[in-house]
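Have a look at the structure below before the remarks.
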Amino acid sequence: MNYRSGRHFLQIPGPTNVPERVLRAIDRPTIDHRGPEFGRMGLEIGAGLQTVFQSKQPVIIYPASGTGAWEAALVNTLSPGDRVLMVETGHFAVLWSRMAARLGLQVEMIATDWRHGADPTAVEQKLKEDKNRSIRAVCVVHNETSTGVTSQIAAIRRAIDAAGHPALYLVDTISSLASIDYRHDEWGVDVTVAGSQKGLMLPPGLSFNCVSEKALAASKSAKLPKSYWGWEDMLSANKNGYFPYTPATNLLYGLQEALSMLEEEGLEAVFARHARHAEATRRAVRAWGLEVLCADPAEHSNSLTAVLMPPGQDADRVRTIILEAFDLSLGTGLGKLSGKIFRIGHLGDFNDLMLAGTLAGVEMGLALAGVSPRGEGVRAALDYLSECARTGRLHAA
Ligand SMILES: *Cc1c(COP(=O)(O)O)cnc(C)c1O
Numbered sequence: 015m016n017y018r019s020g021r022h023f024l025q026i027p028g029p030t031n032v033p034e035r036v037l038r039a040i041d042r043p044t045i046d047h048r049g050p051e052f053g054r055m056g057l058e059i060g061a062g063l064q065t066v067f068q069s070k071q072p073v074i075i076y077p078a079s080g081t082g083a084w085e086a087a088l089v090n091t092l093s094p095g096d097r098v099l100m101v102e103t104g105h106f107a108v109l110w111s112r113m114a115a116r117l118g119l120q121v122e123m124i125a126t127d128w129r130h131g132a133d134p135t136a137v138e139q140k141l142k143e144d145k146n147r148s149i150r151a152v153c154v155v156h157n158e159t160s161t162g163v164t165s166q167i168a169a170i171r172r173a174i175d176a177a178g179h180p181a182l183y184l185v186d187t188i189s190s191l192a193s194i195d196y197r198h199d200e201w202g203v204d205v206t207v208a209g210s211q212k213g214l215m216l217p218p219g220l221s222f223n224c225v226s227e228k229a230l231a232a233s234k235s236a237k238l239p240k241s242y243w244g245w246e247d248m249l250s251a252n253k254n255g256y257f258p259y260t261p262a263t264n265l266l267y268g269l270q271e272a273l274s275m276l277e278e279e280g281l282e283a284v285f286a287r288h289a290r291h292a293e294a295t296r297r298a299v300r301a302w303g304l305e306v307l308c309a310d311p312a313e314h315s316n317s318l319t320a321v322l323m324p325p326g327q328d329a330d331r332v333r334t335i336i337l338e339a340f341d342l343s344l345g346t347g348l349g350k351l352s353g354k355i356f357r358i359g360h361l362g363d364f365n366d367l368m369l370a371g372t373l374a375g376v377e378m379g380l381a382l383a384g385v386s387p388r389g390e391g392v393r394a395a396l397d398y399l400s401e402c403a404r405t406g407r408l409h410a411a
């Protein structure tokens, strides 16, 4: 391998670019996870996480990828044979539903065309049809990372309430937390699932469950087998800032730093920054003469944009050309979107010029691949970013 000078552009929608401050925080000697210094850090992190989840409820941290926290959400709240209602927003929703089926749950799937989010009306209809209230949980992916579509979590809460249904509400925010506005308490979510390597700007390896009172009550009688994922031991140790087994201490150093950075920037500003970069990206895509996969402007993702290839063009060929020519990694098409789309991640530790560089790489790659010779995308994005800077608005919608 030849040395490639300069910084690699890691513009996949997770893992995201890990900022220097987080890397330096992780690069410290590991301490005794049962000592006083650790306990203080554990309590501080717990409080910081509550701010990010917009919740007063406990946030449990697992030394695991996001998939582990998916499993934790299910096994802590449900029993074998329980019915769960899920929405097939894309590849990640499919993976979560497969996991639920493997765990012995009866999964009912509401289909979508993978270009729209979860439809609150369809959820309400399914719940109304469930006369004997046998559906125990509704599971929705907030930001479907495989499609770049964001579902309306508050509207789905209202749909559950409109049906007068007691089901738990479980939401995957792995690629939206700390990037797109998300409110665990206000939106009446029972378990929020999140991960470290996307909006939280950390390396992979941590994941989270934020749990409501109702979810905690359900966990007392839930019968699916659980041990490593069990909330009870976690919550009792967490009260003093500790863990029931060895935590990922150095990733927690990084998390402490990332939480400080989010606090310094302010969550509102973080969300506005992601909205601005998403809008600039969409303007570039349209100027290239290409289509954004998400079909509903109210559901555009602020953390990534999925770009649809013209018929007969292979998205992975374009990605390969861009990686080789410009050292820029883009997200591949997952599941049935394989080869049909590429995804531009614009979440985490990111700024206007990093976006400009990313879009320049995509634009040159599209021209090299003979997909889109129209070199007006970067111009459109820069005009928009300049307009935002001139008006002093972080996000000129
Ligand atoms: C990344 C992602 C996952 C999977 O998380 P892992 O950390 O890879 O286990 C699940 N859901 C969504 C929405 C994601 O973006």
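The numbering used here numbers the first residue of the sequence shown as 15 and each following residue consecutively.
We put the CB at the ideal spot given by N, CA and C, even for glycine.
Note that the structure is predicted; figures quoted are calculated from it, not measured.
Taking the alpha-carbon positions, what's the residue i to residue j distance?
i: L214; j: T159; result: 15 Å
i: G389; j: R171; result: 43 Å
i: D330; j: G379; result: 12 Å
i: W128; j: A181; result: 25 Å
i: P218; j: G359; result: 16 Å
i: L266; j: I59; result: 8 Å
i: I75; j: R147; result: 31 Å
i: L373; j: V73; result: 36 Å
i: H198; j: C224; result: 8 Å
i: E401; j: L361; result: 21 Å
i: D341; j: Q25; result: 10 Å
i: I194; j: A151; result: 24 Å
i: N16; j: E338; result: 12 Å
i: A236; j: E227; result: 14 Å
i: R48; j: P134; result: 46 Å
i: A394; j: S69; result: 38 Å
i: P77; j: S386; result: 43 Å
i: G375; j: P325; result: 22 Å
i: Q139; j: A177; result: 8 Å
i: V284; j: A403; result: 15 Å
i: G303; j: K350; result: 23 Å
i: A208; j: L399; result: 30 Å
i: G268; j: H22; result: 21 Å
i: E85; j: R116; result: 10 Å
i: N316; j: E143; result: 34 Å
i: Y196; j: T206; result: 10 Å
i: I335; j: K212; result: 25 Å
i: F67; j: V332; result: 37 Å
i: R287; j: G95; result: 43 Å
i: Q64; j: Q71; result: 7 Å
Quick one: does the C-beta of residue i sit closer than 6 Å to a heavy atom of ligand 1?
i: T81; result: yes
i: V155; result: yes
i: I355; result: no
i: G349; result: no
i: I75; result: no
i: S189; result: yes
i: G28; result: yes
i: F67; result: no
i: T405; result: no
i: F106; result: yes
i: D186; result: yes
i: G213; result: no
i: T159; result: yes
Which one or two residues does DSSP pair with residue i in a beta bridge?
i: A125; result: E102
i: F356; result: V321
i: S157; result: At residue 157 the sequence reads Asn, which differs from the Ser that was named. According to DSSP, which records beta bridges pairwise, N157 is partnered with T164.
i: S343; result: L24
i: F222; result: I75 and A208
i: H314; result: V163
i: I149; result: R97
i: V89; result: Paired residue(s): none; V89 is not in a bridge.
i: D186; result: V155 and V207
i: G305; result: The sequence shown places Glu at residue 305, rather than the Gly named in the question. Note: E305 sits in a beta bridge opposite L322.
Step through the CB atoms of chain D and report whether any lies within less than 7 Å of the CB of residue i.
i: V73; result: Considering every chain present, this structure includes no chain D. It has just one protein chain.
Please look up how many angstroms separate the CB atoms of residue i and residue j, rounded, as I've assumed it's under 8 Å.
i: A168; j: V137; result: Going by Cβ atoms, the distance from A168 to V137 rounds to 13 Å, so no, they are not a contact pair.
i: L131; j: T91; result: According to the sequence as given, residue 131 is Gly; it is not Leu. Between T91 and G131 the Cβ distance is about 23 Å, and since that is not below 8 Å, they are no contact.
i: A114; j: L88; result: 6 Å
i: P27; j: L318; result: 4 Å
i: S79; j: S241; result: So it is not a contact: roughly 18 Å between Cβ atoms.
i: W201; j: C153; result: Not really, about 15 Å apart at Cβ, beyond 8 Å.
i: G162; j: A272; result: At roughly 23 Å, the Cβ-Cβ gap does not stay under 8 Å, so G162 and A272 are not in contact.
i: V155; j: D186; result: 4 Å
i: G347; j: K354; result: 5 Å
At a cut-off of 6 Å, would you count residue i as near ligand 2, judging by its Cβ distance to the nearest heavy atom?
i: G362; result: This structure does not include ligand 2; its bound ligands are ligand 1.
Stretch-stretch touch, CB-based, cutoff 8 Å, three pairs: the segment 32-40 with the segment 248-260
no
Taking 8 Å as the cut-off, does the segment 363-370 touch the segment 290-297 (at least 3 CB pairs, one atom from each stretch)?
yes
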